[in-house]
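Participant:
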Amino acid sequence: MRNLYRIVVILAAVAIFFIAFLFVTSNREAVTLDLVLYNLQWDVSLGVLVIGVLAIGLLTGLVAGIGLRGIKSLFS
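For what it's worth, the UniProt record's numbering labels the leading residue of the sequence shown as 1, then goes sequentially.
1) Tell me the DSSP secondary structure of VAL53 in three-state form.
2) DSSP three-state call for SER73: helix, strand or coil?
3) Which residues does DSSP pair with VAL31 in a beta bridge?
4) So, at 7 angstroms on beta carbons, what are the nonlocal neighbours of LEU46 in its own chain, with the 5 sequence-adjacent residues on each side left out?
Printed below as a string of structure tokens:
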């Protein structure tokens, strides 16, 4: 019974995530990012921004999980 409860909770969390993800990525409104650098502005749609932040987070988590030594051993 405990495993069934965990499966239902995980499926509910994934469903809420995908609904929110679809809502944000379907938004076509342009967002202007003022970056720290002088006179550098980036116009991007909100969906592309969310996908970019998600990809950066996934890559950061991958580097943190594998570690620099593991990445170094992949290329040698």
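Beta carbons are placed, not taken as given, at the ideal position from N, Cα and C, and that holds for glycine.
Remember, predicted model here, so these are calculated numbers, not experimental data.
Facilitator: Taking the definition as stated:
1) helix
2) helix
3) VAL31 has VAL44 as its beta-bridge partners, per DSSP.
4) VAL24, ASN27, GLU29 and VAL31
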